[in-house]
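*Asks:*
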Amino acid sequence: MELRPYRPSDAQATLKVFLRAIRLTASRDYTPEQIAAWADEDIDVGQWHAARDAATTQVACDGEHVLGFTDVDARGYIDMMFTDPAYARRGVATALLEWAARTAASHGAPELTAHASLTARPFFEAHGFTVLAEQHPVRLGVELRNFVMHRPLRPPRAE
1 MELRPYRPSD AQATLKVFLR AIRLTASRDY TPEQIAAWAD EDIDVGQWHA
51 ARDAATTQVA CDGEHVLGFT DVDARGYIDM MFTDPAYARR GVATALLEWA
101 ARTAASHGAP ELTAHASLTA RPFFEAHGFT VLAEQHPVRL GVELRNFVMH
151 RPLRPPRAE
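For the sequence shown, the positions run 1 to 159 when UniProt numbering is used.
1) Hey, ALA51 and GLY68: beta-carbon distance below 8 Å or not?
2) Can you find a C-beta in chain C that's less than 8 Å from the C-beta of LEU15?
3) With distances taken from CA atoms, which of VAL138, GLY91, ILE78, GLY128 is nearest ALA109?
4) Does the distance from the CB of VAL66 to the CB of ALA100 come in under 8 Å?
5) Specify the secondary structure class of ASP79 as computed by DSSP and reduced to three states.
6) Is HIS127 helix, strand or coil when you go by DSSP?
7) Rank ALA37, ASP62, GLY76 by C-alpha distance to the C-alpha of ARG154 and give the top, closest one.
8) So which of ALA88, ALA74, VAL59 has the shortest CA-CA distance to residue 161?
9) Give me the Cα-Cα distance between ARG23 and HIS107, rounded to the nearest whole angstrom.
10) In three-state DSSP terms, what is ASP53?
11) So what does DSSP say about ARG102, is it helix, strand or coil?
12) Rounded to whole angstroms, how far is the Cβ of ASP62 from the Cβ of LEU118, which I believe are closer than 8 Å?
Rendered as structure tokens:
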């Protein structure tokens, strides 16, 4: 497995990972109505690419096959972290999270934060995150449930 920066040619593959992760993995924690609202069929690949390209997005891949992706901003906020269900529990998300922590720390962020789904919450907790608040965002008229989570970062060591 290799981690590398997002490329324009990754748009379709990362969108596919996003949709598969929600439809297959998150379906055990959310209703069909919630899944349909979250993994909307009408996501425009051009807009998806623009969002991924504007974010600091990292892709986990095996050759040209995208296994997962994440992003993190300079404040340490992780907007997206998704792994293809076919590669779950193989260290993909852990490697992406470690990259996000290093990247955020290099920008001076004091912590990592994420709005974690019911499905992702145990993963984040296993990696030192704690819940700050429960949220009920509405997407396409459907209420979802997620958690504001955070994990303090240690400043990078001076060399």
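We put the CB at the ideal spot given by N, CA and C, even for glycine.
*Replies:* Checking against the coordinates, here is how it stands:
1) Start at 1 with the first residue of the sequence shown, and residue 51 comes out as number 51. Start at 1 with the first residue of the sequence shown, and residue 68 comes out as number 68. Contact: no.
2) Looking at the structure shown, chain C is missing, and only one protein chain is on hand.
3) The residue given as residue 109 occupies position 109 in the sequence shown. The option with the nearest alpha carbon to ALA109 is ILE78.
4) The count along the sequence shown starts at 1 and reaches residue 66 at position 66. The count along the sequence shown starts at 1 and reaches residue 100 at position 100. In this structure, ALA100 does not lie closer than 8 Å to VAL66 by Cβ.
5) For the purposes of this step, residue 79 is identified with residue 79 of the sequence shown, where counting begins at 1. ASP79 falls in the coil class under three-state DSSP.
6) Numbered from 1 along the sequence shown, position 127 holds the residue referred to as residue 127. HIS127 falls in the coil class under three-state DSSP.
7) Locating residue 154 in the sequence shown gives position 154, where the first residue counts as 1. Closest by alpha carbon: GLY76.
8) Residue 161 is absent from the model: the chain starts at 1 and stops at 159.
9) Here residue 23 refers to the residue found at position 23 of the sequence shown. Here residue 107 refers to the residue found at position 107 of the sequence shown. Going from the Cα of ARG23 to the Cα of HIS107 covers about 34 Å.
10) The sequence position of residue 53 within the sequence shown is 53, counting from 1. Helix.
11) Start at 1 with the first residue of the sequence shown, and residue 102 comes out as number 102. Of the three classes helix, strand and coil, the one that applies to ARG102 here is helix, per DSSP.
12) The sequence position of residue 62 within the sequence shown is 62, counting from 1. The sequence position of residue 118 within the sequence shown is 118, counting from 1. Rounded, the Cβ-Cβ distance is 28 Å, inconsistent with contact.
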